[in-house]
């Protein structure tokens, strides 16, 4: 059972998951148990289980409060994309070290001049013999400073609609011409980075899919990342903590707090059913980017509502950071600050609203 691998006495306790070595060890333990990439093909290191079995595993790991793996970007985005669009050589080369965390991946989508409009990417990749020569800049690149490989969206053609000239390259982060600058965040961390590329050479064999197929590949990767039911378990756990803490601090007598908690419970239930619907689409090999956009919009807003309510329930104590005497470990203030980014990262809420309005509701652009 998944919960057997998440004992409080495990060498990878939750307080240590920010340490790269511990996170690698935890991911390798999950992989050895068959819990990571469970639905990936056996020949590439997966367990060969069904997508439903993978979903159940993810749900149980979330229920057991299992720590995050270090290679989450690769597990949710990169790996499935390589399995779906990659050559046999690419699958053999890249999939096994993703699962074992021997190679960490970052994803390069956002750029300073285009923000959430990924189709407007300007980073250029020009074919030169057996290589592409890449010049440009990416920003808000999660974990680029510790990553070995870069799943990067580049422009290989200026012809046709802006989304038609995009391709995906698998770039070695140790290549000559790459400069990484960490971005200092409001919570004190530096999880995000700027990545500058000057005449970086990438073998043409490291292009994923066909030339000009980048938009399709990235869209499918985003659907993978936003779908599923494990996230709803995290909401349920946060809800339990909020109710317990509000009761202990005698806040449930406040009608406004009770209403906030009830509202969160309703929205968490909606997210769970939406996750079930997304899982059904996945099981039938249907890609539903419209549902994905709606789930991203609601889940990130809900994350912020949870952290805001938690701050209110804790009162003045909520502002203390890293205080081990304050449940949950004095991390609520940092979580509150970090959650401000959730409605921006991976596509802003404004962009998701436009997608839902235009493609689901059929509203005009203007």
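In this note's numbering, the protein residues as written are 49 to 414. Glycine included, each C-beta is placed from N, C-alpha and C at the ideal position. Note that the structure is a prediction, hence the values are computed from the model and not measured.
What separation, rounded to the nearest whole angstrom, lies between the Cα atoms of residue i and residue j?
| i | j | result |
| --- | --- | --- |
| residue 398 | residue 412 | 15 Å |
| residue 243 | residue 393 | 16 Å |
| residue 391 | residue 348 | 5 Å |
| residue 410 | residue 248 | 42 Å |
| residue 126 | residue 304 | 43 Å |
| residue 189 | residue 216 | 16 Å |
| residue 100 | residue 192 | 32 Å |
| residue 71 | residue 113 | 15 Å |
| residue 218 | residue 138 | 10 Å |
| residue 186 | residue 292 | 43 Å |
| residue 53 | residue 179 | Residue confidence is low: residue 53 scores 37 on pLDDT, short of 50, so the model does not pin down where it sits. No coordinate-derived value is stated. |
| residue 130 | residue 268 | 11 Å |
| residue 158 | residue 312 | 31 Å |
| residue 301 | residue 283 | 23 Å |
| residue 231 | residue 281 | 31 Å |
| residue 177 | residue 226 | 21 Å |
| residue 174 | residue 128 | 26 Å |
| residue 406 | residue 345 | 15 Å |
| residue 108 | residue 83 | 10 Å |
| residue 229 | residue 241 | 5 Å |
The beta strand (DSSP E) with residue i in it runs from where to where?
| i | result |
| --- | --- |
| residue 85 | Neither: residue 85 is in no beta strand (DSSP E) and is coded neither H nor E. |
| residue 186 | 179-186 |
| residue 229 | 226-230 |
| residue 242 | 241-251 |
| residue 339 | Segment 337-362 is the alpha helix (DSSP H) holding residue 339; no beta strand (DSSP E) there. |
How far does the alpha helix (DSSP H) with residue i in it extend, from its first residue to its last?
| i | result |
| --- | --- |
| residue 388 | Segment: none, residue 388 is in no alpha helix (DSSP H) and carries neither H nor E. |
| residue 4 | Not covered by the structure: residue 4. The range shown for the chain is 49 to 414. |
| residue 128 | 127-133 |
If you measure between the beta carbons of residue i and residue j, is that distance less than 7 Å?
| i | j | result |
| --- | --- | --- |
| residue 204 | residue 259 | yes |
| residue 357 | residue 308 | yes |
| residue 133 | residue 256 | yes |
| residue 182 | residue 245 | yes |
| residue 351 | residue 387 | yes |
| residue 94 | residue 85 | yes |
| residue 234 | residue 385 | yes |
| residue 152 | residue 194 | yes |
| residue 198 | residue 221 | yes |
| residue 339 | residue 263 | no |
| residue 403 | residue 310 | no |
| residue 75 | residue 149 | yes |
| residue 121 | residue 155 | yes |
| residue 253 | residue 201 | no |
| residue 87 | residue 102 | yes |
| residue 316 | residue 287 | yes |
Mapping the DSSP letters down to three states, classify residue i as helix, strand or coil.
| i | result |
| --- | --- |
| residue 322 | helix |
| residue 202 | strand |
| residue 113 | coil |
| residue 173 | strand |
| residue 191 | coil |
| residue 64 | Here the model assigns residue 64 a pLDDT of 38, short of 50, so the residue's position is not dependable and the matter cannot be decided. |
| residue 139 | helix |
| residue 120 | helix |
| residue 234 | coil |
| residue 284 | helix |
| residue 69 | helix |
| residue 333 | coil |
| residue 267 | helix |
| residue 299 | coil |
| residue 145 | helix |
| residue 53 | Below a pLDDT of 50, predicted positions are generally treated as unreliable, and residue 53, at 37, falls in that range; the measurement from the model is reported next regardless. It is helical. |
| residue 166 | helix |
| residue 261 | coil |
| residue 369 | coil |
| residue 311 | helix |
| residue 103 | helix |
| residue 407 | helix |
| residue 28 | Past the edges of the chain, shown from 49 to 414, lies residue 28, and the structure says nothing about it. |
Based on the DSSP secondary-structure assignment, which residues constitute the bridge partners of residue i?
| i | result |
| --- | --- |
| residue 154 | 198 |
| residue 215 | 202 |
| residue 220 | 197 |
| residue 256 | 216 |
Tell me whether residue i counts as near the ligand SAM, meaning its Cβ is closer than 6 Å to at least one heavy atom of that ligand.
| i | result |
| --- | --- |
| residue 104 | Within the structure as shown, the ligand SAM is missing, as the structure has no ligands at all. |
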